[in-house]
Amino acid sequence: MKRKNKIRSSMIWNGAIILTISGLITKVLSAVYRIPYHYLSGDIGFYIYQQIYPFYGISVFLSTFGFPVVISKLLTEQNSERERREVVRVSFVFLLLFSGFLALFQYTTADYIAGAMEDKGLTPLIQLVSLSYLFIPFMAVIRGYYQGENNMFPTALSQVTEQFVRVGCILLFVYLFIQTRQSIYDVGAAAILGSLIGSGAALIVLLSFVLRLRREKVGSVRLLGSFRIIRKLVSQGFWVCLSGMSLLFMQLIDSFTLYGELTSGGIDEITAKVLKGVYDRGLPLIQLGTVVGTAFSLSLVPVISTAFLQKDRRLLQYKASLALRVGTVVGFGAAGGLCLIIKPTNAMLYGDYRGSDVLAILSITVAFTTLAATSSAIIQGMNRVYIPALSVLIGIIVKWQLNELLVPSFGTKGAAFASVMCFAFITFGNVTYLRVIRVLPRLSFSSLYTVLKALLVMAVVLIVYQLLWPVIVRDEGNQHALVALTSVVLGGLVYMSTILKMGMFTLEELAMLPLGGKLAKLGRKR
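In structure tokens:
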């Protein structure tokens, strides 16, 4: 019995590692491809794509993370193979009807949605992206089935395949459409088509696994059992999806409010589209910063979940506190560093300095997206999925209201500040809950002081470095990439060495983290 439990634990742990690696690959690809896309299509082309992307992003999340998680959980709760097959069949039929309704609703109301965005040129793109919902039942059920079997490989392989095919098709189609002088809205449609092809490639990968399964008759499905499955699928799926789509909801709110508020304030349509496109440059930076920030803190979450299941409260408190300390250090370090080097980074990635002040404000979001993701993962590891969802709901309301309030007066700077406050409220809600249930001890001002001091030291070093750069390097060529990349290395070393010298982590704590061995060696040198 102990041997079986050990094998099962090993499978779960290996599966978590596989999903983490595939998730990192897909997140990095999802952020990086936008840079050449912007280079090919320009600010207005980027604006068009980002207006539509949240709809596609929602369909991907539902089919990759939202419903598969719930289906796999339902499967593990069943006692017989017949009940498991019933879960699969009922889930597929329900999601087929649900996704069909979403696709039909969005397709038929596309003109109204485009009108709400105050850009009727988006109508055919909204109709095209509605087809992405039709992949949900197939991919969600297959992924959920295999995850319920503790086999994460099909999910991971399909995720990575989808992103590689999608990114390749998008960049190829956009390049060809621009070369043939198609309209900028047609270029956006080509990008959506590339995304749909990526989803199709992922589905083919998943179906290749299904064909290997032994075909069995499902038999009759009990009516009461079906309602029970659907009720859990809807209720649990709602909370899981809501808690995980905060960044998508932020983009969706900007799609519906930002351009319209800019034009209502007297800005002409072309300028408003350019301003929105420049504002959207911040999204890849937020995504990459969050990936870096959470790569360290989320590595502790499986241990936190184990401590919760074993009812080891002392270990739970210690690991949760450590995860949030790591998230604070890395998140604020990434946000502060990005803010300090935003001008050369903007020029390196997008070719000019436009909107650097707006992107600097957006950079602060990285600190709170990291803490929000870390605290949400801790709470979900304790089977309280509705708490992060409620925090996200509050953050969405804050973002929407602040956009309406600030954009007319402050333009895209107001929208950037609203995004920062959105994730600050999500973080505050999650951390407050962890304090209330006494998982987190009292907040340590010494830790906050250490982070602020390290940020100040990094700021002084980077500001002086960038001021001296033109004097040290007299080459008048394009030095933006060199300045940005060397600043990243210099800022990171200065920041982390300051953190370590002030003793924020013990050597044992450093050893628990990715790259912990190297950090521990650096810590011994202090």
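The sequence shown maps to residues 1 to 526 in UniProt numbering. From the three backbone atoms N, C-alpha and C, an ideal C-beta is built for every residue, glycine too.
Inter-residue distance for Leu362 and Arg228 is about 43 Å (C-alpha atoms, whole angstroms).
Ala31 sits away from Pro344, with the two beta carbons spaced by 8 Å or more. When Ala389, Leu510, Ile142, Gln127 are compared, the shortest CA-CA separation from Phe209 is found for Ile142. The C-beta separation of Ala334 from Gly282 comes to about 14 Å, leaving the pair out of contact by the 8 Å criterion. Contact between the region 479–499 and the region 343–358 is present, with at least three C-beta pairs closer than 8 Å. Under the 10 Å beta carbon count, Tyr495 is surrounded by 16 or more other beta carbons and is classified as buried. Annotated as proximal: Leu315 and Ala307, with beta-carbon spacing under 8 Å.
Gln236 is positioned such that its CB atom lies no closer than 8 Å to that of Pro54. With contact defined as three or more Cβ pairs closer than 8 Å, the region 85–101 and the region 112–122 are not in contact.
If you compare the alpha carbons of Leu125, Leu434, Arg85 with that of Val187, the shortest gap goes to Leu125. Around the Cβ of Asp312, a 10 Å sphere holds fewer than 16 other Cβ atoms; the residue is exposed.
Annotation note: the region 431–511 contains the following uninterrupted alpha helix (DSSP H) runs of length 4 or greater, listed N- to C-terminal: 445–472, 480–501, 507–511. Under the three-state reduction of DSSP output, Glu77 falls in the coil class, being neither helix nor strand. Considering only Ser59, Ala189, Phe177, Phe153, the residue with the shortest C-alpha distance to Thr123 is Ala189.
Judged by DSSP secondary structure, Ser158 falls within the alpha helix (DSSP H) whose first and last residues are 153–179. Of all C-beta pairs linking the region 428–437 to the region 378–395, three or more are shorter than 8 Å, placing the two stretches in contact. Boundaries of the alpha helix (DSSP H) around Met348: 342–350. When only Cα atoms are considered, Glu149 and Ser72 end up about 8 Å apart.
Counting C-beta pairs with one atom in each stretch, the region 237–247 and the region 260–272 have fewer than three that are closer than 8 Å, which means they do not touch. No Cβ-Cβ contact shorter than 8 Å links Cys339 with Phe61. Between the C-alpha atoms of Phe46 and Lys319 there is a straight-line separation of about 41 Å.
DSSP, reduced to helix, strand and coil, places Arg384 outside both helices and strands of the structure shown, so it counts as coil.
Within the model, the alpha-carbon separation for Ile397 versus Leu275 is close to 23 Å. Take Arg34, set aside five residues on each side of it, and the residues of its chain with a beta-carbon closer than 6 Å to its own are Pro284, in chain order. When Ala416, Arg435, Tyr433 are compared, the shortest CA-CA separation from Val278 is found for Ala416. Taking each of Val87, Thr328, Gln163 in turn and checking the Cα distance to Thr365, the smallest one comes out for Thr328. Fewer than three beta-carbon pairs drawn from the region 200–208 and the region 170–182 are found closer than 8 Å, and the two stretches are therefore not classed as touching. Cβ neighbours of Val69 within its own chain (closer than 6 Å, five residues either side excluded): Val240.
Between Phe410 and Thr369, the C-beta spacing is not below 8 Å.
The Cβ-Cβ distance between Ile184 and Ile379 does not fall below 8 Å. By the CB criterion at 8 Å, Val165 and Leu29 fall outside the cutoff. Shortest Cα-Cα distance from Phe138 to any of Leu206, Ile253, Ala367 involves Leu206.
Arg325 carries a helical assignment under DSSP once its states are collapsed to helix, strand and coil.
Rounded to the nearest whole angstrom, the C-alpha separation of Thr374 and Leu434 is 12 Å. A straight-line Cα-Cα distance of about 5 Å links Ser99 and Tyr133.
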